[in-house]
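Asker: Numbering (this note's numbering), first residue to last: 2 to 690. The beta-carbon is built from N, C-alpha and C at its ideal position, and this holds for glycine as well. Pasting a structure below so you can have a look.
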């Protein structure tokens with residue numbers, strides 16, 4: 002059996018992040034699905050489009066009847082055709098959005114491999130096992146997974162340590178360590194053990210593994226309408242009922258004057274008045290929001306989670322790895338009196354030549370950047386002094402001298418001396434600021450100190466400023482003491498911090514914020530994070546974290562990058578902004594259509610209404626048909642915007658409202674005036690109206 006998966010969906014997702022919105026296979030499949038979705042039972046979930054389909058059926062019947070009876074039927078058939086296209090374009094928009102998710106689900110299915118498991122017959126004897134198909138495993142079974150084997154199902158490592166390639170899930174080819182105990186014990190079915198061995202306790206029944214859940218999520222099988230979507234559906238249904246009553250009332254008014262409009266004309270009036278644009282795009286917007294997360298390698302358990310991300314106003318961020326780089330970096334050389342900074346830098350470089358830690362490499366890089374000191378090759382005959390927990394000192398013995406660096410107190414003790422007052426003051430300053438001082442010596446003489454500090458990631462302050470403009474409060478969570486936490490918080494630009502934080506502190510902070518009516522987002526990966534992840538409105542769990550954390554959160558980051566919590570919030574905001582913008586556009590759209598179709602319908606009964614024909618449309622028939630055609634085409638025109646989303650700009654709610662009203666409100670009013678007039682001219686040129 003070939004143990005290497007042939008396809009990595011994570012890589013495919015990365016490849017498509019900036020790709021085309023539509024491609025041939027997706028469009029072809031969406032065309033077929035759009036026809037299937039014309040089933041009235043499916044459209045019942047969308048009241049606006051359901052009413053449009055009912056009206057389309059009615060007008061079609063009347064057009065066929067007119068043709069059979071030898072009456073004029075072309076105008077009625079034209080209205081019927083474009084009413085059907087309105088419904089079809091709406092179902093096409095939803096089918097395209099679902100098709101993008103289905104394409105990703107297909108890639109995940111190719112990653113799901115039917116593996117053979119080594120089922121242990123006795124927990125204490127790794128040599129005693131029997132082959133068992135992965136689909137026959139049950140929760141609680143113990144399986145042995147050795148180098149070259151695929152992990153047959155989701156589980157927890159209970160014994161051993163191994164290097165695991167998780168590219169089948171994350172797209173990252175670099176192996177990760179999985180071991181029993183701690184926060185690195187969760188393993189995912191379909192991933193490959195590349196070295197050593199582990200014993201895994203199965204935690205997922207067949208059909209409910211992480212990959213199975215991913216497939217269901219990206220395919221939309223588990224998608225339920227969110228509260229905001231339900232509220233908007235109720236609003237749209239209410240508007241549809243109001244316009245039905247209004248159209249029925251207009252029939253009475255026109256009949257009283259002796260010139261009642263025909264049923265097809267009234268049908269056209271109704272469909273152009275009800276908000277078909279947002280009704281046709283609403284489902285596509287929601288599906289596309291989840292799709293954008295998936296393309297960012299983040300999975301949400303529901304659209305509700307994505308929507309909650311858009312409403313978040315408190316962001317809890319771990320300091321290490323999220324706000325800071327996580328590895329301490331060299332940030333300064335402090336000499337004792339009588340010694341130059343370059344002398345300290347040169348000694349620090351030589352003492353770090355054999356130091357392969359991130360801190361050691363940063364000392365070499367900082368000396369090169371600050372003083373232009375190139376890193377020499379390790380000389381032959383050099384004796385490396387390794388760092389140990391007992392000595393807390395490392396260095397190098399060379400023919401021309403001995404170089405040491407280490408904890409200040411440990412190095413001073415080995416030298417048998419005292420630090421000058423100036424150096425002691427510098428060491429205290431570094432410690433208060435949250436840094437780590439290391440002393441440097443040459444040939445038994447103290448030269449000075451190296452300042453190591455937790456470096457705040459580039460651009461974090463600007464990102465926090467942008468979040469603040471949106472009304473989001475950022476809170477740094479750290480185990481550091483209060484002084485250190487305050488220094489890093491000030492440098493990063495967060496609004497608040499929790500020092501010496503415990504899991505209980507996180508949970509208490511979240512509950513307190515929620516009691517004030519705030520929505521909270523946080524990221525976590527450990528079992529001790531699970532209660533807070535479950536309590537948070539948006540809980541982003543890391544794929545490399547424990548099973549408990551992944552089950553507690555309502556999102557999973559396949560790249561295990563806690564920084565992504567900020568992007569998740571931005572994608573949620575974009576979803577809400579897109580829905581609001583297109584709703585504004587749709588309702589504003591209807592205003593202009595009134596001026597096209599109302600005068601055309603009632604000008605015979607009330608000639609004074611001719612003054613409202615501000616577009617100068619050629620005839621009542623042309624006006625009605627132009628409005629219906631525009632009503633259908635605008636849905637297709639807005640599909641790319643619904644899928645891509647309105648461009649996200651980090652501004653406050655008031656500024657965002659002004660921007661949407663200006664662009665999509667005025668744009669929604671102007672577009673029909675221009676579009677309907679152009680269609681009217683084309684119809685006249687073609688001799689259709």
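Would residue 517 be called buried (16 or more neighbouring beta carbons within 10 Å of its own) or exposed?
Answerer: Position 516 of the chain shown, counted from the first residue, corresponds to residue 517. Answer is exposed; the Cβ neighbour count stays below 16.
Asker: Thinking C-beta only, is residue 476 closer than 8 Å to residue 315?
Answerer: If you number the chain shown from 1, residue 315 lands on position 314. If you number the chain shown from 1, residue 476 lands on position 475. It is a contact, given that the beta carbons lie within the stated cut-off.
Asker: Report the rounded CA-to-CA distance for residue 181 versus residue 127, giving the unit in angstroms.
Answerer: Walking along the chain shown from the start, residue 181 turns up at place 180. Walking along the chain shown from the start, residue 127 turns up at place 126. Cα to Cα, the separation comes out at about 16 Å.
Asker: Among the residues of its own chain, which have a CB less than 6 Å from the CB of residue 202, if the five just before and after it don't count?
Answerer: As a working note, residue 202 is residue 201 in the chain shown. The residues are 143, 156, 157 and 159.
Asker: Hey, quick one: how far does the beta strand (DSSP E) through residue 498 stretch, first residue to last?
Answerer: Taking the chain shown and counting its residues from 1, the one referred to as residue 498 is at position 497. Looking at the DSSP string, the run of the beta strand (DSSP E) that includes residue 498 is 497-499.
Asker: Specify, as a first and last residue, the run of the alpha helix (DSSP H) that residue 363 falls within.
Answerer: The count along the chain shown starts at 1 and reaches residue 363 at position 362. From DSSP, the alpha helix (DSSP H) with residue 363 extends over 359-372.
Asker: Report yes if the C-beta distance between residue 285 and residue 94 is below 8 Å; otherwise report no.
Answerer: Within the chain shown, the letter at position 284 stands for residue 285. Within the chain shown, the letter at position 93 stands for residue 94. Going by C-beta atoms, residue 285 is nearer than 8 Å to residue 94.
Asker: Can you tell me whether DSSP reads residue 38 as helix, strand or coil?
Answerer: To locate residue 38, count along the chain shown from 1; it is residue 37. Residue 38 falls in the coil class under three-state DSSP.
Asker: Would you report the Cα separation of residue 473 and residue 116, rounded to the nearest angstrom?
Answerer: Position 472 of the chain shown, counted from the first residue, corresponds to residue 473. Position 115 of the chain shown, counted from the first residue, corresponds to residue 116. Near 46 Å, if we compare the C-alpha coordinates of residue 116 and residue 473.
Asker: When we look at the beta-carbon of residue 482 and count the other beta-carbons within 10 Å, is it buried (16 or more) or exposed?
Answerer: One-based indexing of the chain shown puts residue 482 at position 481. Per the 10 Å Cβ criterion, exposed.
Asker: Below 8 Å between beta carbons: does that hold for residue 1 and residue 564?
Answerer: As shown, the chain starts at 2 and ends at 690. That puts residue 1 outside it, with no answer to give.
Asker: Give the range of the beta strand (DSSP E) segment to which residue 119 is assigned.
Answerer: As a working mapping, residue 119 is identified with position 118 in the chain shown. Note, residue 119: beta strand (DSSP E), 117-121.
Asker: Where are the alpha helix (DSSP H) runs, 4 residues long or more, that stay fully inside the region 498-548, in chain order?
Answerer: Runs found: 504-516 and 531-536.
Asker: Please tell me whether residue 448 and residue 336 are closer than 8 Å, where the distance is taken between their beta carbons.
Answerer: Along the chain shown, one-based indexing puts residue 448 at 447. Along the chain shown, one-based indexing puts residue 336 at 335. Yes, they are a contact pair.
Asker: Hey, out of 585, 572 and 598, whose CA is closest to residue 644's CA?
Answerer: The residue labelled residue 644 in the question sits at position 643 within the chain shown. Answer by Cα proximity: 572.
Asker: Is the beta carbon of residue 166 closer than 8 Å to that of residue 122?
Answerer: Translated into the one-based positions of the chain shown, residue 122 becomes position 121. Translated into the one-based positions of the chain shown, residue 166 becomes position 165. Taking 8 Å as the Cβ cut-off, residue 122 and residue 166 do not qualify as a contacting pair.
Asker: Can you round the beta-carbon distance between residue 397 and residue 651 to whole angstroms, since I take them to be within the 8 Å contact cut?
Answerer: To locate residue 397, count along the chain shown from 1; it is residue 396. To locate residue 651, count along the chain shown from 1; it is residue 650. 49 Å between Cβ atoms; not a contact.
Asker: Give the DSSP bridge partners of residue 446, in chain order.
Answerer: Taking the first residue of the chain shown as 1, we reach residue 446 at position 445. Paired residue(s): 443.
Asker: Would residue 61 pass as a contact of residue 88 if the rule is Cβ separation under 8 Å?
Answerer: In the chain shown, residue 61 corresponds to position 60, counting from 1. In the chain shown, residue 88 corresponds to position 87, counting from 1. No. Outside cutoff.
Asker: Would residue 587 pass as a contact of residue 279 if the rule is Cβ separation under 8 Å?
Answerer: Here residue 587 is taken as the residue at index 586 of the chain shown, counted from 1. Here residue 279 is taken as the residue at index 278 of the chain shown, counted from 1. Closer than 8 Å, so yes.
Asker: Quick one: what's residue 45 bridged to in DSSP?
Answerer: Here residue 45 refers to the residue found at position 44 of the chain shown. In DSSP, residue 45 forms no bridge with anything.
Asker: To the nearest angstrom, how far is the alpha carbon of residue 638 from that of residue 511?
Answerer: Taking the chain shown and counting its residues from 1, one reaches residue 638 at position 637. Taking the chain shown and counting its residues from 1, one reaches residue 511 at position 510. When rounded, the distance between both Cα atoms is 43 Å.
Asker: Bridge partners of residue 316, per DSSP?
Answerer: Numbered from its first residue, the chain shown carries residue 316 at position 315. Answer is 475 and 522.
Asker: Which one of 670, 669 and 624 has the shortest CA to CA distance from residue 684?
Answerer: Along the chain shown, one-based indexing puts residue 684 at 683. Looking at the Cα atoms, 624 is the closest of the given residues.
Asker: For residue 616, which of 601, 607 and 530 has the nearest alpha-carbon?
Answerer: The residue given as residue 616 occupies position 615 in the chain shown. Comparing Cα-Cα distances from residue 616 to each of 601, 607 and 530, the minimum goes to 601.
Asker: The beta strand (DSSP E) with residue 375 in it runs from where to where?
Answerer: By 1-based counting over the chain shown, the position of residue 375 is 374. Run containing residue 375: none; DSSP gives neither H nor E here.
Asker: Excluding sequence positions up to five away, which residues of its chain have a Cβ less than 7 Å from the Cβ of residue 653?
Answerer: Here residue 653 corresponds to residue number 652 of the chain shown, with the count starting at 1. Contacts found: 470, 471 and 472.
Asker: Helix, strand or coil: how does DSSP classify residue 159 here?
Answerer: Along the chain shown, read from residue 1 onward, the residue named residue 159 stands at position 158. Residue state, collapsed to three classes: strand.
Asker: Would the region 554-562 count as touching the region 536-543 if we require 3 or more Cβ pairs under 8 Å?
Answerer: Result yes; three or more Cβ-Cβ pairs closer than 8 Å.
Asker: Suppose the cutoff is 6 Å on Cβ atoms and the five residues either side in sequence are ignored; what does the same chain contact list for residue 133 look like?
Answerer: Sequence index remark: in the chain shown, residue 133 carries index 132 (1-based). These residues qualify, in order along the chain: 118 and 120.
Asker: Run through DSSP, which three-state label would residue 227 get?
Answerer: Numbered from its first residue, the chain shown carries residue 227 at position 226. Residue 227 falls in the coil class under three-state DSSP.
Asker: Thinking residue 320 and residue 489 are a contact (beta carbons under 8 Å), I'd like their distance in whole angstroms, please.
Answerer: The residue labelled residue 320 in the question sits at position 319 within the chain shown. The residue labelled residue 489 in the question sits at position 488 within the chain shown. Sure, about 6 Å apart at Cβ, within 8 Å.
Asker: May I ask you to report which of helix, strand or coil DSSP gives residue 334?
Answerer: For the purposes of this step, residue 334 is identified with residue 333 of the chain shown, where counting begins at 1. Three-state DSSP puts residue 334 in a strand.
Asker: Would residue 131 be called buried (16 or more neighbouring beta carbons within 10 Å of its own) or exposed?
Answerer: For the purposes of this step, residue 131 is taken as residue 130 along the chain shown, with counting starting at 1. Answer is exposed; the Cβ neighbour count stays below 16.
Asker: Cutting at 6 Å between CB atoms, please list the residues of its own chain near residue 618, excluding the five before and the five after it.
Answerer: Start at 1 with the first residue of the chain shown, and residue 618 comes out as number 617. The residues are 624 and 681.
Asker: Using the three-state DSSP reduction, which class does residue 80 fall into: helix, strand or coil?
Answerer: Residue 80 sits at position 79 when you count from the first residue of the chain shown. Three-state result, residue 80: helix.
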